[in-house]
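Working notes, structure below.
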Amino acid sequence: MDAANHNWRKAKNTMMQTLAFACAILVILPLVLVFFHLVTQGASSINWAFFTQLPKPVGEVGGGMANAILGTFILITLASLIGVPVGVLGGVFLSEYTHKRLNWWIRFTADVTNGVPSITWGMVVYALIVVPMKGFSTLAGGIVLGLMMIPLIMRTTEEVLQLVPSGYREAALALGIAQWRMIIQIVVRTALKGIITGILLALARVAGETAPLLFTAFGNGYWTHKLTEPIAALPLQIFNYAISPYDDWHRQAWAGALVLILLVTAVNISVRVLTRDRFSRRSA
Amino acid sequence: MAAISQSTSGAGAEQKSATDTALAVRNLSVFFNDKAVLKNVTMDIAARAVTAIIGPSGCGKSTFLRAINRMHELNPEARMDGEICLFGDNIYGSGIEPVIVRRRVGMVFQKSNPFPTMSINENVTVGLRLNGVRDKKILAERTEQSLRMAALWDEVKDRLHAPAISLSGGQQQRLCIARALAVQPEVLLMDEPASALDPLATQKIEDLIIELKKIYTIVIVTHNMQQAARSSDFTAFFYLGELVEFGPTAKIFTSPAQKRTEDYVTGRFG
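Here it is, written out as structure tokens:
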């Protein structure tokens, strides 16, 4: 009976292990599918012109998404100008200054904000910026992405700062170093890689946003010269091309999607490299 | 007494004799959320001598130490009552910033905590640099001087730019001592500085303490009775937040006046 019991236990263990393994594979599968699909559909349309030329009118062959690629970079730069300082300093406040009740509210608000659907963000910024300025604009697009970055960066910054042992703070204060200097030179510096990781992940997240840009950046078939003009962005261009009835545009949309995911993957890989560096230094 | 015989060999950084009072503690009480963890402590801590604070866990000895450089204020629930004078200056006086007090009263912690993003010499000079000292010559001088005083110079002089965390545990603790010395404090507080170290490293720290008291006033919290007996001139026994007995170390360990002190130092409780 003991042996039978033992065999049954072993069987249960194997079952659980298989189930967990299957689920783990399911995590990888969608990414493989996405990549496979994008590469087969989009790779053939990626060429030099894709990165250097403006979109061509319907019917004309060729053209590229140069303006959308540049537009995405401009938008995430603008977004970073808003999201990084506010997010990082907000995270510093949450982690380093104890205001129990206020901190609870900020944290709660940030978490709720993180869950706000992106299209809602687009509508709010449309009402607050686009309507008063009487037009879609690069500025509005940057602002909406920046606002979305703030709570993301704030929470990750707070978390990595909390990982800095309190002994470092005490040691610095005991040397007669002022608190703000201690925070910048000791705490933030110690957690810098984690903070940068959080910023990059937030960037990767907003770089692919489409919905909020529909109401704000709007898209543009040409180069944008002013912050008050609408601007093209990769996700917008993909969206517009994908819902069009033209095969040529569909191919371009696939190529755009491939470029976008390569961009996001590149950011994620640099995050990996950064964190690995941190661990190797610790073991050194 | 040892402290007096050695006072003449001090480096002359200050003109105080060993019989001076470095810290005059008067009716010091500390409360956390209105619970008194330190009750009405009054004692004079001698300059250029080592004063050991002993007592069982939770007796308030760490709190006492932290009240001397106002580190207890990091806990927003802490409140204090009474007075501590550092060479005559009330460190809790109106308009006295904790930052100023901490430049005069340095601290070394139980767990060595060199800053992991900094090299050995950056760690030593961090207190100076973040207080506005830019002169490279002064910084280099102070680095060597502090590392020599912490008996670490010979071991690290060829790799000052190596990461501080590449040092061994005992070396890291001596680096922390050098870092505290570099800002030239008057008093050095040590909170169980050797309790995480092996016997050899502990021995080095104890030798160092005896060396350092030629110049500095040292207050050390320790759980190690032998350490207190070996390296201190005066010993204070704390129990349940009260100062039970305070006197020359030899007397505390051989003929204490209080029964509780005798029970503790002979290992009958605690």
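For the protein sequence lines, the chains are A and B, in the order given. Everything in the first sequence is counted per the working numbering, starting at 1 for the first residue and increasing by one. Everything in the second sequence is counted per the working numbering, starting at 1001 for the first residue and increasing by one. Quick reminder that beta carbons are idealized off the backbone N, C-alpha and C, glycines included.
DSSP places B:R1103 inside the alpha helix (DSSP H), whose first and last residues are 1098-1104. A:Q252 and A:Q41 have their alpha carbons spaced roughly 9 Å apart.
At a cut-off of 8 Å between beta carbons, B:R1159 makes no contact with chain A. With a minimum length of 4 residues, the unbroken runs of alpha helix (DSSP H) contained wholly in the stretch 1103-1190 of chain B fall at 1120-1129, 1136-1149, 1153-1156, 1169-1182. Excluding its 5 nearest sequence neighbours in each direction, A:G71 has C-beta neighbours in its own chain below 6 Å: I231, A232, A233, listed in chain order. Taken in chain order, the complete alpha helix (DSSP H) segments of 4 residues or longer contained in the stretch 55-129 of chain A are 66-96, 100-114, 118-125. Of all residues in the stretch 148-166 of chain A, only P165 place a beta-carbon less than 8 Å from a beta-carbon of chain B.
The beta-carbon of B:N1027 is placed no less than 8 Å from the nearest beta-carbon of chain A. Excluding five sequence positions before and after A:I199, the CB atoms of its chain that fall closer than 7 Å to its own CB belong to V84, I153, given in chain order. Our two residues, A:R272 and A:K193, have alpha carbons roughly 11 Å apart in a direct line. In the three-state reduction of the DSSP assignment, B:G1082 falls in the strand class. In chain A, no part has a C-beta under 9 Å from the C-beta of B:N1090; the shortest such distance is about 18 Å. Contact residues of the stretch 1133-1162 of chain B toward chain A are absent (C-beta to C-beta distance below 7 Å).
A:S244: not part of any alpha helix (DSSP H); DSSP gives it neither H nor E. Following the DSSP letters along the chain, one finds A:A178 in no beta strand (DSSP E), marked with neither H nor E.
For a Cβ distance threshold of 7 Å, residue set L1130 of chain B lies close to A:Q185, ordered along the chain. Between A:G87 and A:M149, the CB-CB gap stays under 8 Å. In the DSSP assignment, B:S1062 falls within the alpha helix (DSSP H) that extends over 1061-1068.
In the structure shown, the three-state DSSP call for A:V164 is coil.
A:F36 carries a helical assignment under DSSP once its states are collapsed to helix, strand and coil. Going by DSSP, B:M1225 is part of the alpha helix (DSSP H) stretching over 1225-1231. For the stretch 169-180 of chain A, the set of positions with a beta-carbon nearer than 9 Å to some beta-carbon of chain B reads R169, E170, A171, A172, L173, A174, L175, G176, I177, A178, Q179 in chain order. Residue contact with chain A for B:N1069: present (Cβ-Cβ distance below 8 Å to some residue of chain A).
If you look at B:V1265, you'll find it in the alpha helix (DSSP H) that goes 1259-1265. Within the stretch 97-129 of chain A, those residues whose Cβ lies closer than 7 Å to any Cβ of chain B are, in chain order, T98.
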